[in-house]
Amino acid sequence: MMDIKLDPSRDDLPLMANTNHILVKHYVLDLDVDFECQVIEGTIVLFFEDGNRLKQWSRSCKETCQMESSEACTIRTPEPCHIPVTNARSSSSKMGYNNFAICGKGDKDISDKDGNHDNQEQASGISISKYSCDTENHGREEFLLVLDCCDLSVLKVEEVDVAAVPGIEKFTRSPKLTVISEELRNEMVHELVTLPADHWREQLDYFARCSQAPSCGELIFDTDTWSLRIRKTGAQTATDFPHAIRIWYKTKPEGRSVTWTSDQCGRPCVYTMGSPINNRALFPCQEPPVAMSTWQATIRAAASFVVLMSGENFAKPTLLQEGCLSWHYYVTMPMPASTFTIAVGCWTEVKPETDLPSDLEAERSLPPSETDFRYIDVCSHMEYPCRFQCASAITQEIIPHRVFAPVCLKDACQETLLPLIPLCLSAAHSVLGTHPFSRLDILIVPANFPSLGMARPRKEKTGHVSDSGASVVKHGLNPEKTFMQVHYLKGYFLLRFLARTLGDETYFSFLRKFVHMFHGQLILSQTFLEMLLENVPEEKRQELSIENIFQDWLESPGIPKPLQTERQAGAECGLARQVGAEVTKWIRVNRRPQKRKRGEPEEVFEKLLPDQLILLLEHLLQQKTLNLRTLQSLQRTYNLHKQDAEVRHRWCELVIKHKYSKAYKHVERFLQEDQAMGVYLYGELMVNENARQQQLAHKCFALTKEQMDRSSAEVVAEMLF
Numbered sequence: 078m079m080d081i082k083l084d085p086s087r088d089d090l091p092l093m094a095n096t097n098h099i100l101v102k103h104y105v106l107d108l109d110v111d112f113e114c115q116v117i118e119g120t121i122v123l124f125f126e127d128g129n130r131l132k133q134w135s136r137s138c139k140e141t142c143q144m145e146s147s148e149a150c151t152i153r154t155p156e157p158c159h160i161p162v163t164n165a166r167s168s169s170s171k172m173g174y175n176n177f178a179i180c181g182k183g184d185k186d187i188s189d190k191d192g193n194h195d196n197q198e199q200a201s202g203i204s205i206s207k208y209s210c211d212t213e214n215h216g217r218e219e220f221l222l223v224l225d226c227c228d229l230s231v232l233k234v235e236e237v238d239v240a241a242v243p244g245i246e247k248f249t250r251s252p253k254l255t256v257i258s259e260e261l262r263n264e265m266v267h268e269l270v271t272l273p274a275d276h277w278r279e280q281l282d283y284f285a286r287c288s289q290a291p292s293c294g295e296l297i298f299d300t301d302t303w304s305l306r307i308r309k310t311g312a313q314t315a316t317d318f319p320h321a322i323r324i325w326y327k328t329k330p331e332g333r334s335v336t337w338t339s340d341q342c343g344r345p346c347v348y349t350m351g352s353p354i355n356n357r358a359l360f361p362c363q364e365p366p367v368a369m370s371t372w373q374a375t376i377r378a379a380a381s382f383v384v385l386m387s388g389e390n391f392a393k394p395t396l397l398q399e400g401c402l403s404w405h406y407y408v409t410m411p412m413p414a415s416t417f418t419i420a421v422g423c424w425t426e427v428k429p430e431t432d433l434p435s436d437l438e439a440e441r442s443l444p445p446s447e448t449d450f451r452y453i454d455v456c457s458h459m460e461y462p463c464r465f466q467c468a469s470a471i472t473q474e475i476i477p478h479r480v481f482a483p484v485c486l487k488d489a490c491q492e493t494l495l496p497l498i499p500l501c502l503s504a505a506h507s508v509l510g511t512h513p514f515s516r517l518d519i520l521i522v523p524a525n526f527p528s529l530g531m532a533r534p535r536k537e538k539t540g541h542v543s544d545s546g547a548s549v550v551k552h553g554l555n556p557e558k559t560f561m562q563v564h565y566l567k568g569y570f571l572l573r574f575l576a577r578t579l580g581d582e583t584y585f586s587f588l589r590k591f592v593h594m595f596h597g598q599l600i601l602s603q604t605f606l607e608m609l610l611e612n613v614p615e616e617k618r619q620e621l622s623i624e625n626i627f628q629d630w631l632e633s634p635g636i637p638k639p640l641q642t643e644r645q646a647g648a649e650c651g652l653a654r655q656v657g658a659e660v661t662k663w664i665r666v667n668r669r670p671q672k673r674k675r676g677e678p679e680e681v682f683e684k685l686l687p688d689q690l691i692l693l694l695e696h697l698l699q700q701k702t703l704n705l706r707t708l709q710s711l712q713r714t715y716n717l718h719k720q721d722a723e724v725r726h727r728w729c730e731l732v733i734k735h736k737y738s739k740a741y742k743h744v745e746r747f748l749q750e751d752q753a754m755g756v757y758l759y760g761e762l763m764v765n766e767n768a769r770q771q772q773l774a775h776k777c778f779a780l781t782k783e784q785m786d787r788s789s790a791e792v793v794a795e796m797l798f
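Letter by letter, the sequence shown follows residues 78 to 798 in our numbering.
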C-alpha cells in the first residue's frame, strides 16, 4: 500500500497503483453507453504480470522466450473476436460463448439503491482497516492490489476462470487439465500476455474469450477517494494473486474523466480526456506512465450514435438488436492508460466530394498483414507488432484517415480541413519517417472541450515514490494547469533555437533518428538532449550543454537571452517583413484625422495568411490606443470574426482593450463556442473594471457554466466572484 500521508488541502494528484509489485498487461472493456442516465457501465477484465515474473522475463533472452511460445502455440491463427456475446446491462445474461456461462449483473445485486457503496464499508463487508492481515493466515499480511480509481461505482470484483476457455490448454505445459489451480491459471495468463508479436491476432482472440469466461470466486474489495483495493484470502504475494480479474462497475455522471455534453448542433454526446485526473473515472486502471498496456474494447450505444476510440482498426458497427449497435476497437502497441480515449455522439463522417486520386487510394489500401511483421531492424521497445518493422508501412506517406464532425460543421470541414490532412501526414512522414500508428480518426470536439494541452507544470519534482510504486504528482489537481501555456511556448522556442543553432539539415536528421530509436518507449527530456548533443559536430556545439539548456529554458522564468537570435531570424523572414509593413500602414491610418485630406491616397492592405494575421494583431495589441474607426476597418479588411480561433482570440482582445462595443457580440460568441481559450478573455473583461464588460462576462458564464468543463468553470468563477 501507499505509505504517503496525503494532505487533502493540497492540489497534488495521487498515483496509488502498486506498479512495482504487479503490472496490467492488457485491458478488455465491455461497456454500454446510456445517455438517459449519463452513465457508462459494464465490465473490465485486467490481465496481469507480477513483478517477479517481469524481472525474470527481462533477464531471459528474447530468442528463448520466442522458442517457448512457439512450442506452446503451434496452431493456425484465427481471426479476432469482434462481436460481443452479451449485453452487460441485461438483468440476467446467460448467452454462451463456446459453451460456458457468462456472469450477468442480475446474478447478485450487491449495490445500494443508487448503485454506490460507502467509502468506508463496501458491499464486500470489508473495511479499510481489515486489509492489513487475515486471521486464518495467522496474522500474515495478504497481497493487496491497488488500482487508481475515482468517481466510479464498483459493483463486484471476481476472479476469471481462464481455464474454462476451450483450447486454453495450449498455453500450459500440461497435456491435460486434470487439476485446476491458481498457479495453473496464472501460468496460462503469463503465456498469453507474452505471446510473440506475430501472434497478435490470436492473442486478441484469446483475450476476448478469457474475458467472458465464468467467475471462479468473488474477491474482496474496497474503494476510497482515489483507489480501488482488491485482495484474495490466502494470496500473500503478487505471484499468488489471480492474474485475470473482472470488475463490474459504472461511471458517475459527475465523474471527472467523462464529460456529458452537447455538440455544436445541440445533440447529446460524451467524451473522455486524459486530464486532469486521466482515465481513472472511466475505468479502474494503473495510472503511472510506466504501466504500459494494450487494450481492446466493445462499446454499445443507441443506433443513432457513432463510437470513436483510440484504436488501430477502423471499427464498423454490428447490429445487436433493433436500435442498438456494437463497436469494437483494439490496440496492440503498449501505451499508458491515460492515452485511452472514447467519444460517442451523433457524428457524421466527412468524406471528399470527389473520388480520391489513384495514388492516394493506393496509400489507403495498405493494411499490414500478419506476415509483414518480420524483424527488419532491432527495436528497443517491448515487443509488439511494430510498424517500423513493416516493409509496406515504412514507405506509407499517408496513412488511412477519417474525419468526423457534427452535421452542422460538415461543409466547413469538407472545405477547410479535409484537403489539409494528406498534406500534413505526408509532411510528417518526410520529416520523421514511419507513422507509428496504422490509421487516424479526427473528430471536431464539442465547444466545451477544455484542454489547451496535456502537460503538468514542473513547479517541483514529482513527490516521493514509495516501494510499491505509488507517488503523487505535484500540483496535479490545480484547475489552472490546463490553461498554462508557458511550457508549450518555451518548448516551441527552444526547438526553434536548437534548429537554427544546429542548422535544419542536422536538426531534422537528428529528429528522424530519434523517433526511429525511441518509438514505443517512454523517455525523458534529458534523454532527448543527450542524444541531440551526441549528434552535433563539435564546431556547432558552441556553448550548448544539458546544464545550460536546463538552466536557461526549463528552470529560469521568462524568455532566455538566446531567443534574441531567433527574433532576429524571424525579422529576416519574408512573411514577417510583410506583416511589419502592414503594421506600419495601420499605425499610420490610426494617426490620421477622421477626414482624409483631398488627394491623399487611401492605404491598400495586402492579403495575409492566418499566422500573419496573428502576428499583425499581436503587434497592434501593443499599441496604447486604437480608435474605433481603425478597429472597424481592421474587421472589415480581414473579416476577422470569421477567421480561426487563434485569430479571433486576438481580435477579441483588441475589442476588449479598446472597449469596441459594436463587436462585443464577437466576444460573446467566442466565450460560448471556444470555451477553453475563452478563459483568458474572462480575465480581460473583469480586469478593465468596466461595468458593461463585466456584465457581459457574467452573462456569458451564466449561459455556459452548466456545460463548461469543471476546471474551466472553477477558474472563471474565481475571476467573476
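Virtual Cβ for every residue (Gly too), placed ideally from N, Cα, C.
Practice task
Go ahead and label residue 626 buried or exposed: buried means 16 or more other beta carbons lie within 10 angstroms of its beta carbon, across all protein chains shown.
Solution key: Classification for residue 626: buried.
Handout entry: contact_flag[the region 265-276, the region 339-354] where n(CB pairs < 8 Å) is 3 or more
Key = Cβ pair count under 8 Å is below three, so no.
Practice task
Compute the Euclidean distance between the alpha carbons of residue 722 and residue 605, then round it to the nearest angstrom.
Solution key: If you take the alpha carbons of residue 722 and residue 605, they lie about 32 Å apart.
Handout entry: Alpha-carbon to alpha-carbon, residue 518 and residue 159
Key = In this prediction, residue 159 scores a pLDDT of 34, lower than 50, which makes its location untrustworthy; the coordinate-derived value is nonetheless stated afterwards. Straight through space, the alpha carbons of residue 518 and residue 159 are spaced by roughly 19 Å.
Problem - Whole-angstrom distance between residue 704 and residue 746, CA atom to CA atom - result: Those two C-alpha atoms are separated by around 23 Å.
Handout entry: Pairwise C-alpha distance: residue 128 and residue 296
Key = Approximately 21 Å between the Cα atoms of the pair.
Practice task
Could you check what DSSP says for residue 498 in three-state terms: helix, strand or coil?
Solution key: In this structure, residue 498 counts as helix in the three-state DSSP scheme.
Exercise for the section: Please report the Cβ distance between residue 800 and residue 323, rounded to the nearest whole angstrom; I am assuming they are in contact, meaning their Cβ atoms lie under 8 Å. Expected result: Because the chain is modelled from 78 through 798, residue 800 falls outside the range shown and cannot be assessed.
Practice task
May I ask you to report which of helix, strand or coil DSSP gives residue 387?
Solution key: Here residue 387 sits in coil by DSSP.
Handout entry: Simplified DSSP assignment, three categories, for residue 398
Key = The DSSP-derived three-state label of residue 398 is strand.
Handout entry: Nearest neighbour of residue 120, chosen from 361, 100, 628 [CA to CA]
Key = The residue with the shortest Cα to Cα distance from residue 120 is 361.
Exercise for the section: Quick one: using the 10 Å Cβ neighbour count with 16 as the cut-off for buried, is residue 305 buried or exposed? Expected result: Label assigned to residue 305: buried.
Exercise for the section: Taking only the alpha-carbon atoms, compute the straight-line gap between residue 387 and residue 370 and give it to the nearest angstrom. Expected result: When rounded, the distance between both Cα atoms is 13 Å.
Handout entry: Cβ contact check for the region 688-699 and the region 654-662: 3 or more pairs under 8 Å
Key = With a cut-off of 8 Å, the region 654-662 and the region 688-699 count as touching, because enough Cβ pairs lie within range.
Practice task
Classify residue 309 as helix, strand or coil using the three-state DSSP reduction.
Solution key: It is coil, neither helix nor strand.
Exercise for the section: Measuring alpha carbon to alpha carbon, tell me which of 382, 590, 624, 616 ends up nearest residue 603. Expected result: Closest by alpha carbon: 624.
Exercise for the section: Note down, in chain order, each residue of its chain lying with its Cβ closer than 6 Å to the Cβ of residue 718, except the 5 sequence neighbours on either side. Expected result: Once the five neighbours on either side are set aside, the close Cβ partners of residue 718 are 743.
Exercise for the section: Measure how close the beta-carbons of residue 101 and residue 368 come, nearest whole angstrom, since I'm counting them as under 8 Å. Expected result: For residue 101 against residue 368, the beta-carbon gap comes to about 6 Å, under 8 Å, which counts as contact.
Exercise for the section: Provide the residue span of the beta strand (DSSP E) that contains residue 348, from first to last. Expected result: For residue 348, the uninterrupted beta strand (DSSP E) segment begins and ends at 345-349.
Exercise for the section: Identify whether residue 780 lies in helix, strand or coil by the three-state DSSP scheme. Expected result: Note: residue 780 maps to helix in three-state DSSP.
Handout entry: Rounded C-alpha distance that separates residue 344 from residue 785
Key = Cα atoms of residue 344 and residue 785: separation of roughly 16 Å, rounded to the nearest angstrom.
Exercise for the section: Kindly identify the DSSP beta-bridge partner or partners of residue 304. Expected result: Answer is 225.
Exercise for the section: With DSSP collapsed to three states, give me the class of residue 114. Expected result: Three-state DSSP puts residue 114 in coil, outside helix and strand.
Exercise for the section: Tell me where the alpha helix (DSSP H) around residue 719 begins and ends. Expected result: Where residue 719 is concerned, there is no enclosing alpha helix (DSSP H), given that its DSSP letter is neither H nor E.
Exercise for the section: Would you kindly work out how many angstroms separate the C-alpha atoms of residue 363 and residue 414, rounded to a whole number? Expected result: Linking residue 363 to residue 414 through their CA atoms gives a straight-line distance of about 7 Å.
Exercise for the section: Can you tell me the Cβ-Cβ gap for residue 105 and residue 373, rounded? I've got them flagged as a contact below 8 Å. Expected result: Contact flag correct, Cβ pair sits at about 6 Å.
Problem - Expected contact under 8 Å - CB spacing of residue 710 and residue 656 to nearest Å - result: That belief does not hold up - the Cβ atoms of residue 710 and residue 656 are roughly 17 Å apart, past 8 Å.
Exercise for the section: Assuming residue 97 contacts residue 548 (C-beta within less than 8 Å), just tell me the rounded distance between them. Expected result: Their Cβ separation, rounded to whole angstroms, is 11 Å, which puts residue 97 and residue 548 out of contact at 8 Å.
Handout entry: Within 8 Å, strictly: CB atoms of residue 587 and residue 612
Key = Yes, the Cβ-Cβ distance between residue 587 and residue 612 is below 8 Å.
Practice task
Kindly identify the DSSP beta-bridge partner or partners of residue 485.
Solution key: Residue pairing of residue 485 in beta bridges, as defined by DSSP: absent, with no partner found.
Practice task
Taking residue 465 and residue 426 to be in contact with their CB atoms under 8 Å, please state how far apart those CB atoms are, rounded to whole angstroms.
Solution key: Taking the Cβ atoms as the reference, residue 465 lies roughly 29 Å from residue 426, outside the contact range of under 8 Å.
Problem - DSSP bridge partner residues for residue 121 (one or two, in chain order) - result: Looking at the DSSP assignment, residue 121 forms a beta bridge with 106, 324.
Handout entry: Identity of the residue in 336, 242, 243 nearest residue 789 by Cα
Key = Nearest to residue 789 by alpha-carbon distance, out of 336, 242, 243, is 336.
Practice task
Count the CB pairs spanning the region 308-327 and the region 500-508 that are closer than 8 Å, and state whether there are at least three.
Solution key: Verdict: no, contact absent.
Exercise for the section: Please report the Cβ distance between residue 384 and residue 421, rounded to the nearest whole angstrom; I am assuming they are in contact, meaning their Cβ atoms lie under 8 Å. Expected result: That belief holds up - the Cβ atoms of residue 384 and residue 421 are roughly 5 Å apart, short of 8 Å.
Practice task
Locate the alpha helix (DSSP H) running through residue 513, then write down its first and last residues.
Solution key: Per DSSP, residue 513 is not a residue of any alpha helix (DSSP H), being assigned neither H nor E.
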